[in-house]
Amino acid sequence: MEVMILGAGGHAKVVADLVELAGYSVAGFLDDSLSGRSVLGKPVFGPLADCLRYPACRFVIGIGNNRVREDLAARYSLRYLTAVHPRAVVAKDAVLGPGTVVMSNAVVNPGAVVGAHAIVNTGAIVEHDNRIGDFVHLSPGCALGGTVDVGARTHIGIGACVRNNISIGPDCVIGAGGVVVKDIVRPGTYVGCPARPIEK
998 MEVMILGAGG HAKVVADLVE LAGYSVAGFL DDSLSGRSVL GKPVFGPLAD CLRYPACRFV
1058 IGIGNNRVRE DLAARYSLRY LTAVHPRAVV AKDAVLGPGT VVMSNAVVNP GAVVGAHAIV
1118 NTGAIVEHDN RIGDFVHLSP GCALGGTVDV GARTHIGIGA CVRNNISIGP DCVIGAGGVV
1178 VKDIVRPGTY VGCPARPIEK
């Protein structure tokens, strides 16, 4: 099975490497600004809109921005691949949505459900019975305790921690190293220990 990566930047490189280590073949990339170049020795065939020219391929969106991934998934009805790095640990009963990527040394424990087009980045920990929404990005080294809910498009920063039994709503950003010890309902950016909103 050949896989096409949407996007050709830094995150796309990591996704492409993951996809090949998982046993698939990367045909190449599509990117609006890098057409005609090569990434990791694979061609950038053309702009993102050319994805419809490759009906035999499976696709992964290799773009870190949550809203951009959501927009692309809504715009193009494609066959999306769920890809798990061979050095990740995913429980037998965990559920991973279409287009989701789980990177090296990440852990997704029993009872966890991860939505569509999410990123479980390098070394991230998704504990038991978590509910991770669509288009969420869990950054490298972040750790979510058991029974945590994370709303759609939320970004948990590098090294952030979320206590067990916590709910974080959609469209939130938890800054790098933040520690979430109580529910977060309103969209916004939260930083520090304990995590508090940045006032505008």
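Residue numbering for the sequence shown follows our numbering, beginning at 998 and increasing consecutively.
Beta carbons are placed, not taken as given, at the ideal position from N, Cα and C, and that holds for glycine.
Everything numeric in this text was worked out from a predicted model, so none of it was measured.
Given residue i, which residues of its chain have a CB within under 6 Å of its CB, disregarding the five upstream and five downstream residues?
i	result
residue 1061	1008
residue 1172	1154, 1188
residue 1005	1026, 1028, 1031, 1036, 1041
residue 1127	1109, 1141, 1145
Determine the contact status of residue i and residue j, defining contact as a CB-CB distance below 9 Å.
i	j	result
residue 1042	residue 1025	yes
residue 1131	residue 1108	no
residue 1150	residue 1167	yes
residue 1157	residue 1175	yes
residue 1066	residue 1038	no
Assuming the contact rule is C-beta atoms closer than 8 Å, residue i and residue j should be a hit. Round their C-beta distance to whole Å, please.
i	j	result
residue 1091	residue 1105	5 Å
residue 1076	residue 1050	The Cβ separation is near 14 Å, so there is no contact.
residue 1081	residue 1019	6 Å
residue 1169	residue 1181	6 Å
residue 1136	residue 1153	6 Å
residue 1048	residue 1021	Incorrect: roughly 17 Å between the Cβ atoms, too far for contact.
residue 1133	residue 1078	Between residue 1078 and residue 1133 the Cβ distance is about 18 Å, and since that is not below 8 Å, they are no contact.
residue 1113	residue 1070	7 Å
residue 1129	residue 1110	7 Å
Quick one: what's got a C-beta closer than 7 Å to residue i's C-beta in the same chain, skipping five residues either side?
i	result
residue 1002	1009, 1012, 1013, 1023, 1026, 1057, 1059
residue 1034	1041
Skipping 5 residues on each side, what residues in its chain have a beta carbon closer than 8 Å to that of residue i?
i	result
residue 1161	1124, 1142, 1143, 1144, 1145
residue 1044	1027, 1028, 1029, 1032
residue 1064	1132, 1150
residue 1190	1174, 1175, 1176
Measuring CB atoms only, is the stretch 1117 to 1130 touching the stretch 1089 to 1105, in the sense that at least three cross pairs come out at less than 8 Å? yes
Just list the alpha helix (DSSP H) runs in the stretch 1043 to 1114, keeping only unbroken ones of 4 residues or longer that don't cross its boundaries, in chain order. 1063 to 1072
Threshold first: 3 residues or longer. Then list the beta strand (DSSP E) segments lying entirely within the stretch 1102 to 1182, N to C. 1169 to 1171
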